[in-house]
Structures are given as C-alpha cells and as structure tokens.
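Read in order, the letters of the sequence shown are residues -29 to -1, 1 to 308 in mature numbering (1 follows the signal peptide of the UniProt record, and there is no 0). The next block holds one structure in the form of structure tokens; read it before the comments.
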Amino acid sequence: MITEAQLCAIAFLGTVMSLLTCLQWHSSGHEPIIELSRRLLSVQKDLGLRWEPGLSRTMVPLFTILVQSELEHEQISISKLLLLILKWKYDKDYAIDRNMSSPFEEILFLLPFVSLMSSPSKYVKALATELLLLLEKFLFKMLVAPKHKSIIEEGNHYLSTPGIIVLRLLRHLWYQDGESSSRISLLNMALKDMNESEIMPDKPISWVSHLREFCLSIVDRRKSTLPLLLPQELFLTETPLLSAVLSVLLIHPSMGAAAVDSLSSIAVMDPKLGVPLLLEIMFYSNIFTRNDIICHDMLLKIFEMLPSLASHSAMIPLVVQTILPMLNKESKMWVLC
C-alpha cells in the first residue's frame, strides 16, 4: 500500500512539473509548487522510503525551468529540490559508480549551475557549488566508462516538453556519434527559407557542425541589412537549451572538438551566454587537468573559445582577467568566485 501511494505521488509530481514548463505561470514564479514538491519528497525520504526511478522524471522539467529562470528565490528552490533528489538517489559514495544507467538527466544541469556561479547571492553560489561537485563525479564517470555499456533509464513521459526533447536529443547524439543527425535536426527545414547564398552545401554533416553553421548564418545576416528570418528568431530563444546539450558533448570521445566550435559560434551570436561559457571554460579546465584524466588536447581546444567570447567588448576585461592568472605557473585554473 505504501509503495503504491508513493508511486502515485511520484507520477502526480512528474505530471505537475511537466505542466509547469508548458503553461504560463503567475508572477510569483514556480517557487510555491517546487517548495511543496520538495516537502513531499522530504517526507518520503525521512520515512525511509526507497528511491524510485520515476523520480528522475522530475529532473527534466526542473532543468527547463532553471534555464529560463532569472528569479533568485526560484533558483534556490530548484537547487534545493535537485540536491534532495540526487542525495536520495545516490545515498552512498559508491552509488554513482555502481549505477549502470547513464546520468543524462543529471549532467544536463551542468551549464545552468555553472551560470549560477556568477550570481551575486552567496547562498545561490553555495548551492551551485555543492551541485557542481556532484556533477563533476557524473562527468568523470562518463569520461572513463565505455559508452556502449550504459543502460538508458527511460521513463514514461506523457508530455513532449522542451526538456524531454532536449534529453532525447542528447541521448541520441551520445550513442550515435552524430551519425544520421540530419534525421533529427530541424535546421535543414529552416534553411529552406533562406536565400540561396546562405544555404549550406548538400553534404553529410554532423548535427553539432550543422548547429555551428546555422549560428554563423545568423551572425552573417545580422551584419547585413536583412532582418532575421522567423526560424532564426525562434532558434535564438532555444539557444540556452542547445548550449546545455553541447556542454555535455564536450566530453564525448568523438564530438568534443566539434562541440567547442559550435559553442564558439554561439558565443559570437549570443552575448548573453558570454559569462556562462567563460565560467564553463574554467570548470572544464579543472576537469581536463586532473591526473586521472588525460585530455590535454581538449584542454587546449576549449581555450579556443576565448577569442569568440572576447568578440563582445563587455567580455574583454573578464577574458583578460581569466587569462592573466594562467600565466603564473603556480596559479589554479578553477576560479569562479
């Protein structure tokens, strides 16, 4: 009876969270629902109920809400709820290593929480730091574990929300190495509305590289006197979600370099992502310099993003401030605060 009640509560919670990403919400944001959800799960955890895989369904809507949120109290509520979920799921230090499913839901939060490290709130940064320490363990697992051995933990998603689409896109790209990506990319459809001079050559191209070309087409169109096309304007609204996918693909064995190039084009196209991407460079520089990880090529590759970030005048002082300490051999690269 208890298990059945718990499963019903989890299913209800997952549906409510999914609806939050689809509906226009009131001015106070999503915080009341998120706080109630946290209390509901806290009671279950305190009662000693076990973790249920269905709880993973709540993480995807939280990802979408966090990407779009600019409210400090909402960011705090989401961070606290996600911490509760992750600490429940991985209640032991060895739980991450023993879990055979790929932590795609978890590592999608990488860029959003790296972005929160620029928050003026010390509390927000403290929560983000705690979550990033967990996410670093997931990244390390995916760096060292053969990707064909992982098991996909697929739940029943009744709504095709933006978060669900992004999650499935990431899963597909991770296991397909970017092959057959033209079948999952809608960018080809958008390109049909462009002028002939803007259409890319008809040749095999990975989804990640295709994304880069599309971003550069927006940059070129802005430089001209022509207004952006509707597909391009719509694409700009989804850039934060796609950037989160690319941020995970930085550790992909065959698509990492292409992901850097695409993020560089996004940095030129969207100045608002300048600071988050700069912080992400610092985060990954810490990952790629670990003694148990040999990624010197990717370490050099991610620094190729710096010129793109510096293409916006407001970012130049931050980029310079980031580079100067690196000239000191004894300095540490992981500096976010």
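Glycine included, C-beta positions come from ideal geometry on N, C-alpha and C.
Indicate whether the contact test is met: 3 or more Cβ pairs, each with one atom in the stretch 97 to 107 and one in the stretch 238 to 250, closer than 8 Å. no
Within its chain, find whatever has a CB closer than 6 Å to the CB of Ser235; leave out the 5 residues flanking it on each side and keep chain order. Met276, Ser279
Gly141 to Phe75 span [Cα, whole Å]: The residue asked about is misnamed: residue 141 is Leu in this sequence, not Gly. About 8 Å.
Have a look at the DSSP bridge pairing and note the partners of Ser236. Per DSSP, none; premise fails for Ser236.
From the DSSP output, which residues share a beta bridge with Ser48? Note: Ser48 sits in no beta bridge, so no partner.
Near Ile47, which residues of its chain fall below 7 Å by C-beta distance, leaving aside the five closest residues on each side in sequence? Tyr94, Val95, Leu98
If you count every other CB in all the chains shown that lies within 10 Å of the CB of Tyr146, and 16 or more means buried, which is it? exposed
Compare the Cα-Cα distances from Lys16 to each of Leu33, Arg192, Ile(-20) and report the closest residue. Ile(-20)
Backbone secondary structure at Ser151 - three-state DSSP: Reliability of the predicted coordinates at Ser151 is poor, the pLDDT of 46 falling under 50, and no value is obtained from them.
Using only alpha-carbon positions, find the residue among Val190, Ile258, Arg183, Leu295 that is nearest to Leu213. Arg183
Own chain residues within Cβ distance below 6 Å of Cys186, not counting five before or after: Ser236, Ile237, Met240
Distance, Leu200 Cα to Pro83 Cα: 28 Å
Do Thr26 and Ile5 have their C-beta atoms within less than 9 Å of each other? Residue identity check: residue 26 is Leu in the sequence provided, not Thr. No, they are not a contact pair.
Apart from the five residues on each side of it in sequence, which residues of its chain come closer than 8 Å, Cβ to Cβ, to Arg154? Reliability of the predicted coordinates at Arg154 is poor, the pLDDT of 48 falling under 50, and the value obtained from them is presented with this limitation in mind. Once the five neighbours on either side are set aside, Arg154 has no close Cβ partner at all.
Contact belief for Met113 with Ile222 at Cβ below 8 Å, rounded distance in angstroms: 6 Å
Count the other CB atoms, across all protein chains shown, that sit within 10 Å of the CB of Arg28; report buried if there are 16 or more and exposed otherwise. buried
Considering only the alpha carbon of each residue, which of Val31, Val219, Ser50, Ala215 lies closest to Gly134? Val31
By Cβ distance below 6 Å, which residues in the same chain neighbour Gln203 in space, the five residues on each side in sequence not counted? Ile189
Exposure of Ala285, with buried meaning 16 or more beta-carbon neighbours within 10 Å: exposed
Looking at the strands, I want to know which residues DSSP matches up with Ser177. DSSP, once it has assigned bridges, lists no residue as partnering Ser177.
Whole angstroms is fine: what's the gap from His1's alpha carbon to Leu42's? 10 Å
Is Ser195 helix, strand or coil when you go by DSSP? coil
In angstroms, rounded to a whole number, what distance separates the CA positions of residue 348 and Leu(-23)? The displayed coordinates of the chain run from -29 to 308. Any statement about residue 348 would go beyond what the structure contains.
Beta-carbon proximity check, Leu110 vs Ile78, cutoff 9 Å: yes
Shortest alpha-carbon distance to Gln292 belongs to which of Met253, Ala228, Phe(-18)? Met253
Residue range of the alpha helix (DSSP H) that includes Asn257: 245 to 259
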